[in-house]
Every structure is written in C-alpha cells, then in structure tokens.
C-alpha cells in the first residue's frame, strides 16, 4: 500500500500474501494431497469474509486444513478459500491506514485487481483500478521526462 499526496510518497507497506499462499498450498499440510484446484467465487468470498472479520490468521490456517480433511470445504476449492482468507486478513490489517475520504487505486493484474476490489469494497471503500503495465509505463515516462528536463 502506498499513501501519497500530490507528487510525494508518504508511506509504503507491502505484504507477502501471494508468496504465503504459494508456500501454504504447495509446501505445507494445507495443500498436501489436494487434487487440481478449480476457480470458485463462493469459496473465495467465504475465505474473504473470514479474513476480514477474524484477521488473526494463524488459528484459521489449521482450520483450512481441517475443513478439507473433514469435508466441509471441497478439496478442489482450498486454493480459492485460502486466497480469500489471506487477502481478507491483509486488507483488514490496513483498516487503520485506509481513509474512506479518498478512493483507493489498485495497481495489479486483472485477476488480483478483482479480488482486492472485492475486499476493499466489503470494507466500504471506493476503489479504482489501473493495470500494472499501464502504471509502469506512465511511471517510466514520468521519470524520463523529469530526467530530460
């Protein structure tokens, strides 16, 4: 998350949500023995709700494993639920930094943008989106212009 005004960055925070998702799904008991994963908006939304409302993530990680072992979460949807849980916890951790007076601009690829829009909108935030490639190109042009002048 970047907080900026006019031309100055005032604060920058980042979280390893994607890497944590990959590690948990591929190198932990959560993902052990799972079949190929499928997209599920419902599983993502359920995980997102859990992450936003109970952001203490450590106890919930074991519940993810237990839920697919016990059959309360379809084994093919663990990745989606876990993604929602982690993104929900990440966004919930930003509550103190997000002001509802200003729109949030997400800079990411299409699939991540939709997920983060859903999370921030669930917290009542206005969200705009800019494609990552577009933001990168604009930034490079701005730097080139500043250096040239």
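Residue numbers (the UniProt record's numbering): 1 to 149. Every residue, glycine too, gets a C-beta built ideally from N, C-alpha and C. Quick caveat: nothing in here was measured; it's all calculated off a predicted structure.
Handout entry: Nonlocal neighbours in the same chain, by C-beta distance under 6 Å from residue 129, ignoring five residues either side
Key = In the chain shown, counting from the first residue as 1, residue 129 sits at position 129. The residues are 106 and 113.
Handout entry: residue 107 - containing beta strand (DSSP E), residue span
Key = Here the question's residue 107 lines up with position 107 in the chain shown. 104–108 is the span of the beta strand (DSSP E), which, as asked, contains residue 107.
Exercise for the section: May I ask you to report which of helix, strand or coil DSSP gives residue 54? Expected result: Position 54 of the chain shown, counting from 1, holds the residue named residue 54. Coil, per DSSP.
Problem - Touching by the beta-carbon criterion (3+ pairs, under 8 Å), the stretch 62–75 and the stretch 25–37 - result: yes
Exercise for the section: Let me know the secondary structure DSSP gives residue 11 once reduced to three states. Expected result: Numbered from 1 along the chain shown, position 11 holds the residue referred to as residue 11. Strand at residue 11.
Handout entry: Simplified DSSP assignment, three categories, for residue 69
Key = Residue mapping note: residue 69 aligns to position 69 of the chain shown, counting from 1. It is helical.
Problem - Host alpha helix (DSSP H) of residue 169 (start-end) - result: The question about residue 169 has no answer, for the chain in this structure spans 1 to 149.
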